[in-house]
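Visitor: Here my numbering is used: position 59 in the sequence shown is 55, and no number is missing along the way.
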Amino acid sequence: MKGHFFKLSTIILCCSLYSVEIKAQKTDSVYQVKPLRFTQKQLIIPSILIIAGFGANGNGRESIKNELVEERNEIIPRFKTSLDDYLQFSPIALTYGLEAIGMKPKTDISNRSVILLKSELVMMAAVTVLKNTSHILRPDSSAYTSFPSGHTAQAFAAAAILSEEYGYRYKWVPYLSYGLASIVGGFRMANNKHYLSDVLVAAGIGILSTKLAYWTHRYKWGRAKNSNHAILL
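#1: Distance check for residue 113 and residue 107, CA to CA, integer angstroms please.
#2: Indicate the three-state DSSP secondary structure (helix, strand or coil) for residue 214 in the structure shown.
#3: Among the residues of its own chain, which have a CB less than 6 Å from the CB of residue 151, if the five just before and after it don't count?
#4: Please classify residue 214 as buried or exposed, where buried requires at least 16 other C-beta atoms within 10 Å of its C-beta.
#5: Report the three-state DSSP secondary structure of residue 170 (helix, strand or coil).
#6: Indicate whether residue 119 and residue 205 have their beta-carbon atoms separated by less than 8 Å.
#7: Rounded to whole angstroms, what's the CA-CA distance from residue 198 to residue 164? Just pull it up for me.
#8: Around the C-beta of residue 147, are 16 or more other C-beta atoms found within 10 angstroms, so that it is buried, or is it exposed?
#9: Hey, how far is the Cα of residue 31 from the Cα of residue 94?
This is the structure:
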């Protein structure tokens, strides 16, 4: 997980610097901050994913997760790709990249980056604790770190930020963001690195981590003086 955090920090730094350089040319840009407030409705999707994941985590031979692994081994036994290693970070790149090409996010770059880091810390802590306590063998028997999928949790945490930042104005963005995250989860199973249960729980953790980061954020960074709602760059 240390290597994962280093890669993530590098990506965030590079994207942030590039976005700042682009936005420096538009000093009169104003972001209307609309904090995401907690509602019970927002818990529905991540809760369903987590509950479904635990429900599919049976160890019997005829359990859903084991049947899917058997089908995978019969249909695509030699399948292997490293695309998931890169796609898991694609929503982060898009979160900054879309702004660089002129699209308007909800939150300024300073607060957005802090929210992202908070989300990542919560997500990685949850994933690390579950991996160490569950001690479940991967489908390919390579390690006892199967549950939950770190790649999938990363992808969905980032997808939730991308969706929240741009989905309010660009209705196609949530489909893109969660589509990319779902592809990552699919690749993890196709690579025989994770069970369905690992992916479902990880997706719920990722989304919930980002929601928690937004719910608890104070929007202190980059705030203009004498303004309760606007952030100037």
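Beta carbons: idealized from backbone N, C-alpha and C, even for Gly.
Guide: Reading it off the structure:
#1: A straight-line Cα-Cα distance of about 10 Å links residue 107 and residue 113.
#2: Reduced to three states, the DSSP call for residue 214 is coil.
#3: Answer for residue 151: 84, 177 and 180, listed in chain order.
#4: With fewer than 16 other CB atoms across the displayed protein chains lying within 10 angstroms of its CB, residue 214 is exposed.
#5: In this structure, residue 170 counts as helix in the three-state DSSP scheme.
#6: Result yes, Cβ atoms of residue 119 and residue 205 sit closer than 8 Å.
#7: Taking the straight line from one Cα to the other gives about 25 Å.
#8: Around the C-beta of residue 147, 16 or more other C-beta atoms lie within 10 Å, and the residue is accordingly described as buried.
#9: Taking the straight line joining both Cα atoms gives about 20 Å.
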